[in-house]
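J.: Which chain is which? The protein sequence lines are V and F, in order. For the record, in the first sequence the residue sitting at position 121 is 121 according to this note's numbering, with numbers rising by one throughout. Heads up, this note's numbering is the position in the second sequence plus 329, with the first residue counted as 1. Each residue gets a CB set at the ideal place from its N, CA and C atoms; glycine is no exception. For reference, the structure I am asking about is given below.
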Amino acid sequence: MWTDSQRKSDKKLLGEMTSCHIAEEPIKKVAIFGGTHGNELTGVFLVKHWLENGAEIQRTGLEVKPFITNPRAVKKCTRYIDCDLNRIFDLENLGKKMSEDLPYEVRRAQEIYHLFGPKDGEDSYDIIFDLHNTTSNMGCTLILEDSRNNFLIQMFHYIKTSLAPLPCYVYLIEHPSLKYATTRSIAKYPVGIEVGPQPQGVLRADILDQMRKMIKHALDFIHHFNEGKEFPPCAIEVYKIIEKVDYPRDENGEIAAVIHPNLQDQDWKPLHPGDPMFLTLDGKTMPLGGDCTVYPVFVNEAAYYEKKEAFAKTTKLMLNAKSIRCSVH
Amino acid sequence: MCSLPVPREPLRRVAVTGGTHGNEMSGVYLARHWLQAPAELQRLSFSAVPVLANPAATAACRRYVDHDLNRAFTSSFLNSRPTPDDPYEVTRARELNQLLGPKASGRAFDFVLDLHNTTANMGTCLIAKSSHEVFAMHLCRHLQLQYPELSCQVFLCQRSGEESYNLDSVAKNGLALELGPQPQGVLRADIFSRMRTLVATVLDFIELFNQGTAFPAFEMEAYRPVGVMDFPRTDAGNLAGTVHPQLQDRDFQPLQPGAPIFQMFSGEDLLYDGESTVYPVFINEAAYYEKGIAFVQTEKFTFTVPAMPVLNPAPSPAS
Chain V
1 MWTDSQRKSD KKLLGEMTSC HIAEEPIKKV AIFGGTHGNE LTGVFLVKHW
51 LENGAEIQRT GLEVKPFITN PRAVKKCTRY IDCDLNRIFD LENLGKKMSE
101 DLPYEVRRAQ EIYHLFGPKD GEDSYDIIFD LHNTTSNMGC TLILEDSRNN
151 FLIQMFHYIK TSLAPLPCYV YLIEHPSLKY ATTRSIAKYP VGIEVGPQPQ
201 GVLRADILDQ MRKMIKHALD FIHHFNEGKE FPPCAIEVYK IIEKVDYPRD
251 ENGEIAAVIH PNLQDQDWKP LHPGDPMFLT LDGKTMPLGG DCTVYPVFVN
301 EAAYYEKKEA FAKTTKLMLN AKSIRCSVH
Chain F
330 MCSLPVPREP LRRVAVTGGT HGNEMSGVYL ARHWLQAPAE LQRLSFSAVP
380 VLANPAATAA CRRYVDHDLN RAFTSSFLNS RPTPDDPYEV TRARELNQLL
430 GPKASGRAFD FVLDLHNTTA NMGTCLIAKS SHEVFAMHLC RHLQLQYPEL
480 SCQVFLCQRS GEESYNLDSV AKNGLALELG PQPQGVLRAD IFSRMRTLVA
530 TVLDFIELFN QGTAFPAFEM EAYRPVGVMD FPRTDAGNLA GTVHPQLQDR
580 DFQPLQPGAP IFQMFSGEDL LYDGESTVYP VFINEAAYYE KGIAFVQTEK
630 FTFTVPAMPV LNPAPSPAS
């Protein structure tokens, strides 16, 4: 009489009533995606290595599947073939009738959706880690899509604490119009992992090491969780997207000003009204307007010139997570 | 192999080329800017012509469309009969050879300055053909003296017995500026500004030469290639590791036998097993993965550059 999802939500409610934690289902299936952008090499080579030798990503009782999402783009060492794979996992694209005329990435998105989705499906993947690089000086970054996801906030707290003193920033892309339909969004728990700065088409050993550590801590967290460990309430600092800022352009649409030297490489640092923002090709400084201090991210990302984004403005805030514990114990 | 003699007349026909590789942004944006506003390329005795070398690759923000343009200036490419199936860059190289050359002829441009960026930590690198290029050597010396804080390194790219293949080889004299590190597709203000200043100083040097300035002999230190090292690869040809953290970003610094050069994905270090100290450059250049080059090994050497014969000062500005 009761459906599966009704039974699941009853269990959750019972858990909340009997002790002050959210009881979550154990994590069964985890995917690690590399090559969503074919020229962001750290994810490509970590996944290729783990496909040969997956020992370091195995945890007892957990299925961890490494996977190359855009093999044609990886082969050509280019971001994408027809369109950006990390922007098209919306209902419209996923629902299009399969045909040879569809852009490569749309066909690929549908294949990926059938292999790893849909969200809350019986055989679906619970968590997807999507590995990315950026040319921006963003260090180790975790990308969160939902500010109320207790499980992921707890995971991110664990990763940040484990990586310290190496900084790890959390970028929240929850926004009515700016949020985009990522590859990982087909899972219940989507995690973006972004490490920079690294040029497109380059594989740096230090960046590889950082991304590897982030994955290790993430998998350790999942393992501890599945083993019944209770994670007490916690809070993390996150940077929430407010607005994207384009380069000043001339009448032909060409870039007329560059990221100012004072802003270049200063991702996550406060930018105050009046601080230099752009420098025109004629040498004039253009300052930040408005009344608010913002925290710029994706400053001078190569792939965003065509998306008309010089940097994104964020605001800093604290997100809280309730205590969580695996419901099986 | 003959090298052209030191110029005996003022240099009148000068070009500055950007976008030879369409994703090396300093040169792309400078060339585009000068095509709109060429005033800053003008001097009393000459005006430099700006050229966007690879328009199709620039429009697509890629290194090249069919073939690396900066490898297409050999006589084999330039002189063979055009066919409709020719790669875009081969056709373009022939056009540039008509415009700036013909290579090795008396009609070629006096000087071409070609602008490049690298993802490697090469700072300010001046690339000339060989130590026999007296004019280019004096120019490099001038840049080093003008900007001691930049530590301009001179890289002499031509290997003996090998024909030149790069764009600036079509002119009687040439130099490439290679500034890094900068990712492909990214325009950094600091590197852009440095490139612009260096171009201005190159043109100032040509003007000084044209006006009859004396340039005495001097000793120069430079780097020339002795080999290349590829990444460690699997049987399938994929990367099995990458540049070791102790080598990464250490362009122009000595690499001793036994020092680590690669780190495998499985964790072990591969060590340099050469017999002598080398000076690696182009360490982890994105565009060189497909050429099978993780870094270029060079040797450092010193040589004497003879004084440049003084010109009679240029009588009147070029029209």
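1) Here's a check: name, in chain order, each residue in its chain whose Cβ is nearer than 6 Å to the Cβ of aspartate 397 of chain F, leaving out the five neighbours to either side.
2) In this structure, how does DSSP classify glutamine 475 of chain F when only helix, strand and coil are distinguished?
3) Helix or strand or just coil, what does DSSP make of serine 355 of chain F?
4) Buried or exposed: isoleucine 255 of chain V, going by 16 or more other Cβ atoms within 10 Å of its Cβ?
5) Give the straight-line distance between the Cα atoms of serine 376 of chain F and methionine 524 of chain F, rounded to the nearest whole angstrom.
6) Go to alanine 654 of chain F, then tell me how far its alpha helix (DSSP H) extends in each direction, as first and last residue.
7) I want to verify the contact list: residues of chain F whose CB lies under 8 Å from the CB of asparagine 149 of chain V, in sequence order.
8) How about phenylalanine 594 of chain F: is its C-beta nearer than 8 Å to some C-beta of chain V?
9) Using a Cβ cut-off of 9 Å, pull out every chain F residue sitting near leucine 271 of chain V, in sequence order please.
10) Report yes if the C-beta distance between leucine 172 of chain V and serine 147 of chain V is below 8 Å; otherwise report no.
11) Does the beta carbon of arginine 204 of chain V come closer than 8 Å to any beta carbon on chain F?
12) What is the residue span of the alpha helix (DSSP H) that leucine 398 of chain F lies within?
13) In three-state terms, what does DSSP make of glycine 274 of chain V?
14) Tell me whether the region 481-499 of chain F and the region 380-400 of chain F touch, counting them as touching only if at least three CB pairs, one residue from each stretch, are closer than 8 Å.
15) Just to confirm, are asparagine 53 of chain V and arginine 108 of chain V a CB contact at a threshold of 8 Å?
16) Using the Cβ count rule (16 or more neighbours within 10 Å means buried), how would you classify glutamate 16 of chain V?
17) Identify whether threonine 448 of chain F lies in helix, strand or coil by the three-state DSSP scheme.
18) Closer than 8 Å is the cut-off here; do at least three beta carbon pairs connect the region 320-329 of chain V with the region 342-355 of chain F?
19) Between valine 634 of chain F and phenylalanine 581 of chain F, how many whole angstroms is the CB-CB distance? I'm expecting something under 8 Å.
20) What residues from the region 169-203 of chain V come within 7 Å of chain F, judged by C-beta to C-beta, listed N to C?
21) Who does serine 323 of chain V pair with in a DSSP beta bridge?
22) For isoleucine 535 of chain F versus phenylalanine 440 of chain F, is the C-beta distance shorter than 8 Å?
23) So what's isoleucine 520 of chain F in DSSP terms, helix, strand or just coil?
24) For glutamate 254 of chain V, which residues in chain F fall below 8 Å Cβ to Cβ?
25) Since lysine 75 of chain V is in the beta strand (DSSP E), which residue starts that stretch and which ends it?
26) Name, going along the chain, the residues of the region 403-437 of chain F whose beta-carbon falls closer than 8 Å to a beta-carbon of chain V.
27) Should glycine 283 of chain V and isoleucine 186 of chain V be called a contact, given that it needs their Cβ atoms to be closer than 8 Å?
28) Going along chain V, which residues have a C-beta under 7 Å from arginine 523 of chain F?
29) Please give me, in chain order, every unbroken run of the alpha helix (DSSP H) with length at least 4 that falls completely inside the region 71-132 of chain V.
30) Look up isoleucine 143 of chain V in the DSSP assignment and say whether it is helix, strand or coil.
31) DSSP on methionine 138 of chain V, reduced to helix/strand/coil?
32) Quick one: which unbroken alpha helix (DSSP H) runs of 4-plus residues sit fully inside the region 196-229 of chain V? Chain order, please.
33) Excluding sequence positions up to five away, which residues of its chain have a Cβ less than 8 Å from the Cβ of arginine 391 of chain F?
T.: Taking the geometry as given:
1) none
2) helix
3) helix
4) buried
5) 18 Å
6) Because chain F is modelled from 330 through 648, residue 654 of chain F falls outside the range shown and cannot be assessed.
7) Here the premise fails: no neighbours, minimum Cβ distance about 32 Å.
8) yes
9) Chain F residues near leucine 271 of chain V: none, gap ~15 Å exceeds 9 Å.
10) yes
11) yes
12) From DSSP, leucine 398 of chain F is part of no alpha helix (DSSP H); its letter is neither H nor E.
13) coil
14) yes
15) no
16) Unreliable placement is indicated for glutamate 16 of chain V, whose pLDDT of 48 sits below 50; no coordinate value is reported for it.
17) coil
18) no
19) 20 Å between Cβ atoms; not a contact.
20) Pro199, Gln200, Gly201, Val202, Leu203
21) V:His21
22) yes
23) helix
24) Arg361
25) Here lysine 75 of chain V belongs to no beta strand (DSSP E); instead the alpha helix (DSSP H) covers 71-76.
26) none
27) no
28) Neighbours of arginine 523 of chain F on chain V: none; closest Cβ ~11 Å, over 7 Å.
29) 71-76, 91-95, 104-116
30) strand
31) coil
32) 205-226
33) Gly351, Asn352
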